[in-house]
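The listed protein sequences derive, respectively, from chains A and B. When the count follows the numbering used here, it moves up by one through the first sequence with no breaks and lands on 162 for the last residue. When the count follows the numbering used here, it moves up by one through the second sequence with no breaks and lands on 162 for the last residue.
Number of protein chains: 2
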Amino acid sequence: MVSVHECGRVIALDPRRLLICLALNNSVKIEQMSDTNKNSQDQSLLEAVTWNEQGLVPVITQEVGSKDVLMMAWMNRDALLATLRLGEAVYWTRSRQKLWHKGEESGHTQKVKEIRLDCDGDTILLMVEQKDGIACHTGEHSCFFLQWDSNQSTWIDESKSK
Amino acid sequence: MVSVHECGRVIALDPRRLLICLALNNSVKIEQMSDTNKNSQDQSLLEAVTWNEQGLVPVITQEVGSKDVLMMAWMNRDALLATLRLGEAVYWTRSRQKLWHKGEESGHTQKVKEIRLDCDGDTILLMVEQKDGIACHTGEHSCFFLQWDSNQSTWIDESKSK
């Protein structure tokens, strides 16, 4: 298994695209996420991805162990770099148009174990350890709790039928 | 487990949006996929989905049993209806702008066991049995055979390192 770089505990993702985190030795690391400051590692990471016309790529998040698909979200280049730096999932929220460190409010962070890319580079698969086992903002383990029932011709909400 | 409707063997997906399939009793069934011909079941199925501005929804395809994520593709309304009718995955190919019955050329069809939808309706998760265990057009089991290696700062192609 190939692990990603981890920086310790996240303090903040600054709106000016400063990535601020507390390293394992308790020193504070601040990194500028701007395009002008990318190193060759960043280039290798980013260039393999086929970004869409909005500069985004869809990301499937799957739990290691259970292999449950937890959610689907989007990343831009900064989100992918931040994910690599932090070792925790950072997405781009299209509705709020900002970086979104998953769990920053709920505490339900996702520790990244693998970053995978598909054959044509236009989808990322993140393998994560899901803190508290809750990925969905509804409080569910996975966001995919609606299942189509052909017999009843309706979507069954498994979150309510537990 | 909730099974989807199956029509038997697919003969063709006609460009005029006629879905033609050979039923289990060897009768040929032809269905028009146009919007004017949707029944209430179709409405229930389609209305829960949040279609994007192109009328598409991303679809994650996961193998039952192994729970491997095989691929990500897109569906429009017709593709989702066709998938339900056939019991096999039918996507919308954005590059070729047409319905794409997965495996129509390669034979690597996907028998649909579950159709799932996420909390905000904007992503579908298909649980499938993958014919021959090959989902990727490259001949790989899964399309996600590239893995990021932070130590070497490169994407490792697992399809070549087998």
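Ideal Cβ positions, reconstructed from N, Cα and C, are used throughout, including at glycine.
Annotation: the continuous alpha helix (DSSP H) that includes residue 47/B extends over 40–47.
Separation of residue 95/B and residue 106/B (C-alpha to C-alpha, rounded to the nearest whole angstrom) is 18 Å.
Contact between residue 130/B and residue 63/B holds: their C-beta atoms lie close to 5 Å from each other, under 8 Å. Annotation: Cβ neighbours of residue 148/B in chain A (cutoff 8 Å, chain order): 2, 4, 45, 84, 114, 115, 116 and 117.
Using a Cβ-Cβ cut-off of 9 Å, residue 130/B does not count as an interface residue toward chain A, since no Cβ of chain A sits closer than that to its own.
When C-alpha distances from residue 56/A are compared across 71/A, 84/A and 99/A, the shortest belongs to 99/A. The continuous alpha helix (DSSP H) containing residue 78/A extends over residues 77–86. CA-CA distance, residue 118/A to residue 154/A, rounds to 32 Å. For the set 156/B, 145/B and 43/B, the Cα lying nearest the Cα of residue 78/B is the one of 43/B.
Residues of chain A whose Cβ lies closer than 7 Å to the Cβ of residue 69/B are, in chain order, 60, 62, 69 and 125. Relative to residue 45/A, the option among 84/A, 66/A and 61/A whose CA is nearest is 84/A. In this structure, the beta-carbon distance from residue 93/A to residue 73/A falls below 9 Å.
Between residue 141/A and residue 70/A, the C-beta spacing is below 9 Å. In this structure, residue 132/A keeps its C-beta atom at 9 Å or more from the C-beta atom of residue 145/A.
Sequence-distant partners of residue 123/A (beyond 5 residues in either direction) whose C-beta falls short of 6 Å from its own C-beta, in its chain, are 58. Rounded to the nearest whole angstrom, the C-alpha separation of residue 102/B and residue 65/B is 20 Å. Close CB contacts of residue 114/B within its chain, under the 6 Å cut and outside five residues either way in sequence, are with 127 (chain order).
Considering only 54/B, 159/B and 53/B, the residue with the shortest C-alpha distance to residue 116/A is 159/B.
Of the residues 41/A, 53/A, 125/A and 137/A, the one whose Cα lies closest to the Cα of residue 67/A is 125/A. DSSP links residue 51/A through a beta bridge to no other residue. In summary, the residues of the region 93–115 of chain B whose CB is separated from some CB of chain A by less than 8 Å are 114 and 115, in the order they occur in the chain.
Following the DSSP letters along the chain, one finds residue 62/A inside the beta strand (DSSP E) bounded by residues 57–63.
Distance from the Cα of residue 54/B is smallest, within the candidate group 75/B, 88/B and 111/B, for 75/B. Residue 61/A and residue 104/A have their C-alpha atoms some 17 Å from each other.
A direct Cα-to-Cα measurement between residue 111/A and residue 90/A gives close to 10 Å. In this structure, residue 48/B sits away from residue 139/B, with a CB-CB distance that is not shorter than 9 Å.
With respect to chain B, the C-beta atom of residue 154/A has a partner C-beta closer than 9 Å. Boundaries of the beta strand (DSSP E) harbouring residue 116/B: 110–117, taken from the DSSP string.
Neighbours of residue 48/A across chain B, judged by C-beta separation under 8 Å: 146 and 155.
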